[in-house]
Amino acid sequence: MPSFFDTSIEFLKGVGPQKAALIGKELGLFTYGDIIQHYPFRYEDRTQFHPIAEVNGDMPFVQIKGRIRRIETIGEMRKKRLVAHFADESGTIELIWFKGIPWVSKKLKLGVDYVIFGKPSAFGKKVNMAHPEVEVLTTQNDQASFLQPVYHTSEKMKARYLDSKALSKIIRQVMLLAENYIQESLPEKLTQQFALIDKKFALWHIHFPGNNELLKKAQHRLKFEELFYIQLKLLKSKTNRIDKFRGQVFKDSSLLTEFYRDHLPFELTGAQKRVIREIYQDMKSGKQMNRLLQGDVGSGKTIVAFICMLLVVGAGAQAAMMAPTEILAGQHYDGLKEHADKLNLGIARLTGSSKTKERRAIHAGLLDGSIHIIVGTHALLEDIVQFKNLGLAVIDEQHRFGVAQRARLWAKNKNFYPHVLVMTATPIPRTLAMTLYGDLDVSMIDELPAGRKAIKTLHQYDSGRLRLFGFMKEQIALGRQIYVVYPLIEESDKLDLKDLMDGFESVIRAFPDQHVSIVHGKMKPQDKDFEMQRFVRHETHIMVATTVIEVGVNVPNASVMVIENAERFGLAQLHQLRGRVGRGAEQSYCILMTDYKMSKDSRKRIDTMVRTNNGFEIADVDLQLRGPGDISGTQQSGVLDLLIADLSKDSQILQAARNVASDILEDDPNLEKPEHRNILRHIQSLKQTAVNWGRIS
Ligand code: ADP
Ligand code: MG
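Using the numbering used here, read the sequence shown as starting at 6 and increasing by one per residue.
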């Protein structure tokens, strides 16, 4: 039975089929249910009038009242603008129009009391407002006591008079009709425990806030609900999967014992040991493992992966490791081969550039089981790659692999899904991880190997270049190698490439006695590789590069990372780059070179880098600065299309929502208890296509 909320908006007063179609096309809103959930994206604060003397360019939209003293038109042709000098008892401000001048100037009157609403901007000492809203002062708007909702619309809609105010009217109609249909969607237990206002009340005040306090309560309630249902869904799918999918049981650890006894190159850190135990628990549980392994660059994830592989290989099954690039796959292969050879294990590498003959041999070796460990790129996903018995798939730097690709790996074993270990060095703020990977178990290596010296990070203005070169000379004299990195925002950007080449030349001039490498994205892969190898072999002392070196390369003797135009890099990238040094025993340095001129955000990024080496702290600042939509890897995932919650601000609500969702599922996995009736009804009312439910895999 179609519910009230499925009613089309076309039958509303003032809407009709054409406007309804336009709203559907522009905003994806079709029904009463949709329109009720079209929450305002901000509110105009009409609760107070500011004295003009106190208005400054840093303020958001403000409301003032007063009179126009003088009106003039300044400039010619395209620079022409209308300026109204507007004053109250405290001071004056300029109201400016660039468009619609004849119409506006006819409307504005001297000596009339007006209410003005707009965004102040500062120009030198003067403050003005461009294209403000102007209303004649009336007893109504003089009360200054409401928060006006502002809704997203589009230019096309505005042309048809469907602006924010019109939408507000439509929503009001629906809300009045919906009075008897809106049902509480959270159990009473929860609304009491968290002091949440009821659903109907919340919906009303989100659209038509009575005051600031009610608005806050409404927002809190709706955010909680949104996050609660996402977490409930994620946790439910996790338990479903665990119940449904059997995994191979791996508990023989003789190979592991041999490795520990004879070949372990260093003492494992406490965090590594803990994580290995967590993974071991999964592998012998009989359930299929799906685990995210987080650990900052250099925390030693590779050896953890290898040790887990030994559990699998020791029991006669096979392990695969997939990396996003050929360079990374190559490094993993080299690293793992060293260990594997000592244990006489069969190990191979498969990438896009593997030769046909080699491929055939590998395909055969995987089928007959003589290859125990395979390291590769996407090439591993091809259907022709079949295993005798794939027991574990390790995915490195996961955010470059989609969920669909993960699933293709699963299909490589017909009898059991392989255990899956996803490794990432990109620290993901907890709130994001809970939402993006809420259906995975998470292990964290939160400790660096002993003896590592923390990287010292310094900020230098470009004017300090001579000092920088002096420092580089000292370090080279000590036997160290140095990276100098330039931003390359677009691989095709000629200007960036010129920066790089100029930089390269100035380095060569400053270091006439040293060998200098250069690597950038425009070079052929084999030339790139050749230069990389020269640097790895210590034949060159300085590597001038673009961000192509960002991921993975491991040159322990390189102890200085100079980042040019550091203000142009994002935090995640700066942190990744810094992670290229600090891999050996020597004191390492990261030097951030910037212009004097920097935006507020750039300065915050640089300060954060200088202040901390902690990837998670950096990720949190990154989230604050950019918002969740821009954090890499999250764009495609629909989980971030939130209606009202904001993962960068609502971490506390999220944590609480996740905890109660988990408690509820533990207590009542199928939501059958009467006190969870509201939850079940709400889930059933959510459409399959709803963003937050449909797209989470
Ligand atoms: P990441 O987590 O960034 O992938 P790696 O696995 O590449 O880190 O490890 C970084 C370096 O630290 C490697 O040279 C590795 O051999 C070394 N390493 C890993 N674990 C330890 C440890 N427990 N003690 C000393 N060195 C370690
Ligand atoms: Mg790594």
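Glycine is no exception: its CB is placed at the ideal position from the N, C-alpha and C atoms.
Backbone CA spacing between residue i and residue j [nearest angstrom]
i, j, result
"Arg457", "Gly587", "7 angstroms"
"Ser13", "Val179", "11 angstroms"
"Ser259", "Pro423", "21 angstroms"
"Ser690", "Leu27", "26 angstroms"
"Phe540", "Gly374", "37 angstroms"
"Ala25", "Arg165", "11 angstroms"
"Gly443", "Arg279", "21 angstroms"
"Gln640", "Pro65", "Note that Gln640 scores a pLDDT of 41, beneath 50, so its modelled location is shaky and nothing firm can be said."
"Lys249", "Ser242", "10 angstroms"
"Thr36", "Val399", "45 angstroms"
"Pro22", "Asp39", "16 angstroms"
"Phe476", "Val567", "11 angstroms"
"Asn349", "Thr361", "25 angstroms"
"Gln286", "Lys419", "23 angstroms"
"Leu676", "Ser667", "12 angstroms"
"Tyr234", "Met614", "36 angstroms"
"Asp355", "Asp388", "The sequence given here has Leu at residue 355, not Asp. Their Cα atoms are separated by approximately 14 angstroms."
"Lys306", "Val380", "15 angstroms"
"Ala369", "Phe421", "21 angstroms"
"Arg616", "Lys161", "47 angstroms"
"Ile211", "Ile176", "11 angstroms"
"Glu425", "Thr262", "The sequence given here has Val at residue 425, not Glu. Roughly 23 angstroms between the two C-alpha positions."
"His546", "Ala590", "18 angstroms"
"Ile121", "Pro214", "21 angstroms"
"Val565", "Lys461", "10 angstroms"
"Ser359", "Arg365", "10 angstroms"
"Arg47", "Tyr156", "7 angstroms"
"Ile308", "Lys30", "52 angstroms"
"Gln53", "Gln153", "12 angstroms"
"Val20", "Leu172", "10 angstroms"
"Lys602", "Ser468", "12 angstroms"
"Ala58", "Ala89", "16 angstroms"
"Leu371", "Ile378", "9 angstroms"
"Arg246", "His681", "22 angstroms"
"Arg585", "Asn559", "7 angstroms"
N-terminal and C-terminal residue of the beta strand (DSSP E) that residue i is part of
i, result
"Ala127", "Pro125 to Phe128"
"Thr97", "Thr97 to Trp102"
"Ile596", "Tyr594 to Thr599"
"Tyr488", "Gln486 to Val490"
"Met548", "Ile547 to Ala550"
"Gly381", "Ile378 to Gly381"
"Met614", "Premise fails: Met614 lies in the alpha helix (DSSP H), Lys605 to Arg616, not in any beta strand (DSSP E)."
"Phe91", "Arg86 to Ala92"
"Ile709", "Within the shown structure, residues of the chain are numbered from 6 to 702, placing residue 709 beyond reach of any answer."
"Met82", "Per DSSP, Met82 belongs to no beta strand (DSSP E) and is neither H nor E."
"Ala563", "Ala563 to Ile568"
"Val626", "Segment Gly620 to Arg631 is the alpha helix (DSSP H) holding Val626; no beta strand (DSSP E) there."
"Val524", "Val521 to Val524"
Residue span of the alpha helix (DSSP H) that contains residue i, given as start and end
i, result
"Glu343", "Glu331 to Lys347"
"Ser690", "Arg682 to Ser690"
"Gly396", "No alpha helix (DSSP H) holds Gly396; the beta strand (DSSP E) holding it covers Leu395 to Asp401."
"Ala52", "The amino acid at residue 52 is misidentified as Ala; the sequence shows Thr. Segment: none, Thr52 is in no alpha helix (DSSP H) and carries neither H nor E."
"Lys362", "Thr361 to Asp373"
"Lys30", "Gly21 to Leu32"
"Met537", "Pro530 to Val541"
"Arg354", "Careful: Arg354 lies outside any alpha helix (DSSP H), inside the beta strand (DSSP E) at Ile352 to Leu355."
"Val665", "Ser656 to Asp672"
Proximity test, residue i beta-carbon vs the ligand FMN heavy atom, cut-off 8 angstroms
i, result
"Leu32", "What this structure holds is the ligand ADP and the ligand MG, not the ligand FMN."
Touching by the beta-carbon criterion (3+ pairs, under 8 angstroms), the stretch 206-213 and the stretch 224-231: Pairwise C-beta distances place the stretch 206-213 in contact with the stretch 224-231, as three or more of them are shorter than 8 angstroms.
So, does the stretch 325-340 touch the stretch 285-304, judging by three or more C-beta pairs under 8 angstroms? no
What are the uninterrupted segments assigned as alpha helix (DSSP H) that are 4 or more residues long and contained completely in the stretch 105-186, given in chain order? 106-112, 160-164 and 169-183
Inter-stretch contact (C-beta, 8 angstroms, three-pair minimum) for the stretch 97-106 and the stretch 127-136: yes
Beta strand (DSSP E) segments (min. 3 residues) lying fully within the stretch 241-328: 295-300 and 323-327
Three-pair Cβ contact test at 8 angstroms for the stretch 510-524 versus the stretch 613-623: no
Measuring CB atoms only, is the stretch 183-202 touching the stretch 153-168, in the sense that at least three cross pairs come out at less than 8 angstroms? no
Inter-stretch contact (C-beta, 8 angstroms, three-pair minimum) for the stretch 260-275 and the stretch 433-453: Taking 8 angstroms as the limit for Cβ pairs, the verdict is that the stretch 433-453 does touch the stretch 260-275.
Going residue by residue through the stretch 418-466, where are the continuous beta strand (DSSP E) segments of at least 3 residues, counting only ones entirely within it? 424-429, 446-450 and 461-466
Contact between the stretch 106-125 and the stretch 59-79 (3+ Cβ pairs under 8 angstroms): yes
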